[in-house]
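Using my numbering, read the sequence shown as starting at 7 and increasing by one per residue. Structure first, commentary second.
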Amino acid sequence: MQTLLDVILPVFLVIGFGYVAVWRGYFSLSGVDGLMKFTQSFAIPCLLFKAIAEIDLARSFDPGLLMSFYSGATICFFAGLFGARAFFGRDWEDCVAIGFCCLFSNSVLLGLPITERAYGADALTGNFAIVALHSPFCYGLGITTMEITRNRGKSAFEMARGVARAMFSNALVIAILLGFAFNLTGLTLPGVVSDGLDLVIRAALPTALFALGGVLIQYRPEGDLRTIAMVCCIALLLHPAIVWFMGQSLAVPTEAFRSGVLTAAMAPGFNAYIFANMYGRARRVAASAVLLATLGSIFTVWLWLLLLEGV
């Protein structure tokens with residue numbers, strides 16, 4: 007119970023503040039859209055850029071951590087995709103969008119603050135390693151699969167161009183690539199620029215959590231409840247379970263192991279809805295899954311934190 011109170015509830019209280027503020031009319035939806043744009047296009051890219059530019063790549067990118075997390079993510083993507091087809095008879099484009107919901111954990115808005123509260127800021131090294139590859143990997147897999155599904159019969163060049171266009175218009179991907187460029191070349195930021203980035207970074211996570219609450223009020227769980235339940239089970243239970251067993255078999259260091267399991271245990275991120283909306287497929291499932299899985303993760307993340315106490 008103390009874990010729930012100390013680690014999880016403060017994060018969800020901030021989300022709740024955003025939800026209530028919009029619900030009661032104290033904060034406008036247009037204001038929430040502005041906050042979300044600020045966090046996703048500016049503040050969080052600044053956070054990721056600076057973290058990756060300064061991270062010790064040799065120590066941080068544990069192969070076992072990345073293999074266990076992204077193998078689990080890939081398995082969950084195809085479990086959601088083929089599950090939607092086999093059990094609910096969705097067409098293939100819908101199935102890809104539903105699979106993406108199972109793939110894209112909320113590694114930044116939920117994963118970073120919960121891990122930080124649970125284990126401290128120094129424990130985020132593994133999280134940053136996962137986040138550095140998260141958007142490129144997930145969008146690469148999701149967009150490639152969707153483009154192949156939608157454009158059967160078109161040239162490989164046309165599909166590759168669609169994937170590249172979607173990938174390199176994403177602010178998170180651009181920030182990650184710039185961070186790697188600075189890290190690998192040994193470039194450093196002037197002190198005044200670094201201090202300015204730090205000011206923006208300090209606003210990133212609390213602002214993003216508040217905005218997430220405001221965004222969630224726009225969606226109502228309606229219809230497709232069995233499909234949504236499948237997405238929630240895959241995202242909240244199957245993915246962290248795979249990371250747990252693979253991480254143990256690969257002897258992932260304790261700190262990285264905790265980051266991997268907790269990040270995998272996060273609800274689908276808002277990018278799951280962005281992806282569904284981008285293609286106009288399974289939008290109701292994606293929106294409802296983000297909402298219900300975020301609420302359900304209060305209890306499932308608590309469960310995983312309790313299990314991790316024994317590691």
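Positions of the beta carbon are idealized from the N, C-alpha and C atoms, including for glycine.
Residues near residue i in its chain [Cβ-Cβ closer than 8 Å; skip 5 each side]
i: Arg232; result: Phe93, Phe94
i: Cys52; result: Ala181, Leu203, Val206, Ile207, Ala210
i: Ser141; result: Asn176, Leu178, Val179, Ile182, Asn277
Simplified DSSP assignment, three categories, for residue i
i: Ser175; result: coil
i: Pro196; result: coil
i: Leu256; result: coil
i: Ala288; result: coil
i: Tyr279; result: helix
i: Tyr32; result: coil
i: Arg96; result: coil
i: Gly316; result: coil
i: Gly185; result: helix
i: Asn157; result: coil
i: Ile81; result: helix
i: Gly37; result: helix
i: Gln224; result: coil
i: Ile180; result: helix
i: Phe67; result: coil
i: Gly126; result: coil
Residue environment, residue i, which counts as buried when at least 16 other CB atoms sit within 10 Å
i: Asn277; result: buried
i: Pro16; result: exposed
i: Gly24; result: buried
i: Pro69; result: exposed
i: Phe163; result: exposed
i: Arg264; result: buried
i: Asn157; result: exposed
i: Ala270; result: buried
i: Pro274; result: buried
i: Trp29; result: exposed
i: Gly185; result: buried
i: Leu109; result: buried
According to DSSP, residues forming a beta bridge with residue i
i: Pro274; result: Ser111
Cut-off 7 Å between Cβ atoms - residues of its own chain near residue i, not counting five sequence neighbours on either side
i: Ile14; result: Ile120, Ile304, Val307, Trp308
i: Thr155; result: Trp98, Glu99, Val102
Contacting residues, own chain, Cβ-Cβ under 6 Å from residue i (five flanking each side not counted)
i: Phe33; result: Ala27
i: Leu71; result: Gly132, Val258, Ala262, Gly266
i: Arg96; result: Ala90
Practice task
Indicate whether the contact test is met: 3 or more Cβ pairs, each with one atom in the segment 71-91 and one in the segment 174-194, closer than 8 Å.
Solution key: no
Exercise for the section: Report yes or no: do three or more beta-carbon pairs, one from the segment 204-224 and one from the segment 104-124, lie closer than 8 Å? Expected result: yes
Practice task
Could you tell me whether the segment 51-68 touches the segment 236-254, using the rule of 3 or more Cβ pairs below 8 Å?
Solution key: Touching, no, given that fewer than three Cβ pairs across the two stretches are closer than 8 Å.
Problem - the segment 249-260 contacting the segment 280-289, beta-carbon criterion three pairs below 8 Å - result: no
Practice task
Check whether the segment 66-80 touches the segment 141-156, counting contact only when three or more Cβ pairs, one atom from each stretch, lie closer than 8 Å.
Solution key: yes
Practice task
Indicate whether the contact test is met: 3 or more Cβ pairs, each with one atom in the segment 283-291 and one in the segment 95-103, closer than 8 Å.
Solution key: yes
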